[in-house]
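Going by the UniProt record's numbering, 366 is the number at position 366 of the first sequence; the sequence numbering is gapless.
From the three backbone atoms N, C-alpha and C, an ideal C-beta is built for every residue, glycine too.
This one's a predicted model, so the numbers in the text were calculated from it and none came from an experiment.
As structure tokens, the structure follows; a few thoughts come after it.
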Amino acid sequence: MQLGVGEVVRIFGLTSDKGRELNGREATVLTVGDRCHVELAGGDAVSVRNCNLVRAGEYDSDDGWNVGRVAKRQRTEPGSASSSGSSSTALAASSAAPSPAGVSEEGAVWLVLSSYSFPEGCACVANAPIAAAFRSLEKFEVSVQCDDDASEERHFNSEALLYSRAAAVAAGVPFPLSQWMPLGKSGFAYQILSSGSCEALAKFESGRPPTGSDNALRLKNEAGRSMGSAPEKRQLGKVFGLGAKTAIDLVEAAVSVFTAAGCPPLLRLGSLLASLRHFDELQEPVSEAEALEMRRHADFMGGSRTRGRAGHDVDLLLWHATEPNSWGEGEEACVLLPLLRELLLPAGGATGPGLLPKEEARLQLVRRPHAEKQRRDADGARAYLPRRKAAAARDRGSDILHGDWHDKAYGIWRNTAGRHRRIDIVVVAFPDELPYARLTWTGSRTLNRLLRHRAIQLGLHLTANGLTAHPPAGRGRQETTVVLDARPGRERVEVALVGHAPVPDCTSEEEVLRVLAGGTDAFAGIYDPLMRNA
DNA sequence: TGGCAATACTG
DNA sequence: CAGTAT
DNA sequence: GCCA
């Protein structure tokens, strides 16, 4: 990276005791070269290698988040990443001497978001039990009916959806529901506030079928699935790799001893054994110290987000201010695979901290081919973004090319204390997709559904990669009008998008959410990723 | 009365 | 394709 | 089950 005298930079990646104190601090460049002299805020001058500096402006503005070097890679212009000729020398050097993640000659810098913890998440604490009860009801409904309830009429779980929305509302309203609503004496909220539970929840918790709004027992759902034994199904479905349907089948078949050896072959038990073996640990909350340790082993450094409760897993979201997550063919030319190679434990029962290999645990990779990722259409747009209907839509209904092109790995991590924890690693495909990726991966699931549902209502299509117009099927290139800004006291901004064009000028979650709020700040409460409690 | 978020990997 | 994952 |  070419730095200039006077530029403001940030220091990162120093490993000595003295260096560690400098990590994350900003400084002004005094002299340039292989080593730079930089002046710290207090006036002290220090000498730091060029590869341990990055322009302050290249960072996302979220202050205090983590900076680490996690990949050896060649810096190229994003647009020319796929042209093999331009950077062949550097690429050859890279692949000839693959170095561990974290040893970056060029000093590529990635930011790390650990979204493992969030606030308890009720705007009004008095509503916390109501939100919790609704969330629990949602989970029980999914446990007995699945997300897809498999009936003819409705192939999705309406009860669970409504419970999840109710929980989101209860968590979000800034006043006590008890003093606001006509809490009918038989209503859920009234029951929960007065007794701590409600009839439906009590029935689920005791394994009995609940009573429906028509006062009849819901013995079976429309697809004939039993509504009973909800706690057992809910518990079984927590096994990583084993979902609601299998849990239902197992319980219904009265398979009582689940962890016994020699489970029936109808189960896909190969990689599930590790999930079962570590089941209890995988349900435990992950402490901040553990999350930090997981990052340290990826050579992640820096502060952390410490507010709120711990989750049962750790999500790592990696991105770069200017560059994509892959820049050529081959494993070395991407971020995720060398990082995994660094983290992965050898097969055969290795001890020590690291990511359990496929032989010992479920480990799922999600990666798309580099070349395809970098392919551009004639106009320079990414070929994988939704654009137009495929010719003649012959693949019944799949009319648009979509893709989630962030590389991902879902697995199980063993820490130095020998505890096993779920870990998800996501590498943002292109820098401008960061707001969409972070919006998706900070969740919650229900918030994603609410926001994407809202996008649909606005004629838009929200994914982890972007926000695009989504005109109704039909021929012709139709226009979608989008309100970018309708805040009071400002000039109103609208754009007319043709076809599946992306919504312009969304460089932050705030701007994305403002579009979804019709140009207003109605969603200001969730601009901060820490406040996404729905 | 149609639709409910959207997408990817596994066996 | 059904199930599971985010 | 609710809503555009």
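By DSSP, does Arg135 sit in helix, in strand, or in coil? Looking up residue 135 in the first sequence gives position 135. In the structure shown, Arg135 sits in a helix (DSSP, three-state: H, G or I).
Just to confirm before moving on: does the CB-CB distance between Arg421 and Val314 stay below 8 Å? To locate residue 421, count along the first sequence from 1; it is residue 421. To locate residue 314, count along the first sequence from 1; it is residue 314. In contact: Arg421 and Val314 (Cβ atoms closer than 8 Å).
Own chain residues within Cβ distance below 6 Å of Glu232, not counting five before or after: The residue given as residue 232 occupies position 232 in the first sequence. Answer for Glu232: Val251, listed in chain order.
Under the three-state DSSP convention, the category Lys18 falls into: For the purposes of this step, residue 18 is identified with residue 18 of the first sequence, where counting begins at 1. Three-state DSSP puts Lys18 in a helix.
Using a Cβ-Cβ cut-off of 7 Å (strictly less than) and excluding sequence neighbours within five positions of Gly6, which residues of its own chain qualify? Locating residue 6 in the first sequence gives position 6, counting from the first residue. Around Gly6: Thr28, Val29.
Can you pull the DSSP bridge partners for Arg49? As a first step, residue 49 must be located in the first sequence, where it is residue number 49. Partner(s): Arg35.
Cutoff 6 Å; reference residue 535; Cβ partners in own chain excluding five residues on either side: Because the chain in this structure spans residues 1 to 534, residue 535 falls outside the shown range and cannot be described.
Coarse secondary structure for Trp441, derived from DSSP in three states: One-based indexing of the first sequence puts residue 441 at position 441. Trp441 falls in the helix class under three-state DSSP.
Could you pull the DSSP bridge partners for Pro502 from this structure? As a first step, residue 502 must be located in the first sequence, where it is residue number 502. DSSP, once it has assigned bridges, lists Thr468 as partnering Pro502.
Reducing DSSP to helix, strand and coil, say where Leu363 ends up. What you label residue 363 is simply residue 363 of the first sequence in a count that begins at 1. Here Leu363 sits in coil by DSSP.
Tell me which residues share the same chain as Leu40 and place their Cβ nearer than 7 Å to its Cβ, disregarding the 5 neighbours each side in the sequence. On the first sequence, position 40 is the one that residue 40 refers to. For Leu40, where only same-chain residues beyond five positions count, the Cβ hits under 7 Å are Arg25, Ala27, Val46.
Beta-carbon proximity of Val512 to Glu494, cut-off 8 Å: The residue you call residue 512 lines up with position 512 of the first sequence. The residue you call residue 494 lines up with position 494 of the first sequence. Going by C-beta atoms, Val512 is not nearer than 8 Å to Glu494.
Best match in Leu345, Arg445, Leu339 for proximity to Asp407 [C-alpha to C-alpha]: Indexing the first sequence from 1 puts residue 407 at position 407. Per the Cα distances, Leu339.
Any contact between the stretch 164 to 172 and the stretch 229 to 246? By contact I mean 3 or more CB pairs, one from each, below 8 Å. no
Less than 8 Å separating the beta-carbons of Leu460 and Ala469? On the first sequence, position 460 is the one that residue 460 refers to. On the first sequence, position 469 is the one that residue 469 refers to. Cβ atoms of Leu460 and Ala469: closer than 8 Å.
Which class does His461 belong to by DSSP, given the choice of helix, strand or coil? The count along the first sequence starts at 1 and reaches residue 461 at position 461. Of the three classes helix, strand and coil, the one that applies to His461 here is strand, per DSSP.
Counting only the same chain and skipping the five closest in sequence on each side, list residues whose C-beta sits under 7 Å from that of Lys139. The sequence position of residue 139 within the first sequence is 139, counting from 1. Cβ within range, chain order: Arg234.
Is the separation between the beta-carbon of Ala486 and that of Thr507 shorter than 8 Å? Here the question's residue 486 lines up with position 486 in the first sequence. Here the question's residue 507 lines up with position 507 in the first sequence. Contact: no.
What did DSSP end up calling Glu222 once you bin it into helix, strand or coil? Within the first sequence, the letter at position 222 stands for residue 222. If DSSP states are grouped into helix, strand and coil, Glu222 belongs with coil.
Across which residues does DSSP place Ser326 in a beta bridge pair? Numbered from its first residue, the first sequence carries residue 326 at position 326. For Ser326, which the question treats as bridged, DSSP gives the partners Cys334.
Around the C-beta of Asn465, are 16 or more other C-beta atoms found within 10 angstroms, so that it is buried, or is it exposed? Walking along the first sequence from the start, residue 465 turns up at place 465. With 16 or more Cβ atoms within 10 Å of its Cβ, Asn465 is classed as buried.
Can you tell me whether Ala473 sits near the ligand ADP, meaning its C-beta is under 7 Å from at least one heavy atom of the ligand? With respect to the ligand ADP, the structure offers nothing, as it holds no ligand at all.
C-beta atoms of Gly352 and Leu344 nearer than 8 Å: In the first sequence, counting from the first residue as 1, residue 352 sits at position 352. In the first sequence, counting from the first residue as 1, residue 344 sits at position 344. Contact: no.
Within 10 angstroms of its Cβ, does Lys203 collect 16 or more other Cβ (buried), or is it exposed? Here the question's residue 203 lines up with position 203 in the first sequence. Buried, by the Cβ-count rule.
How long is the line joining the alpha carbons of Ala333 and Ala524, rounded to whole angstroms? Here residue 333 corresponds to residue number 333 of the first sequence, with the count starting at 1. Here residue 524 corresponds to residue number 524 of the first sequence, with the count starting at 1. In a straight line, the C-alpha of Ala333 is about 38 Å away from that of Ala524.
Would you mind giving the Cβ-Cβ distance between Glu491 and Asn415, rounded to the nearest angstrom? I have them listed as a contact below 8 Å. Taking the first sequence and counting its residues from 1, the one referred to as residue 491 is at position 491. Taking the first sequence and counting its residues from 1, the one referred to as residue 415 is at position 415. Glu491 to Asn415, Cβ: 53 Å. No contact.
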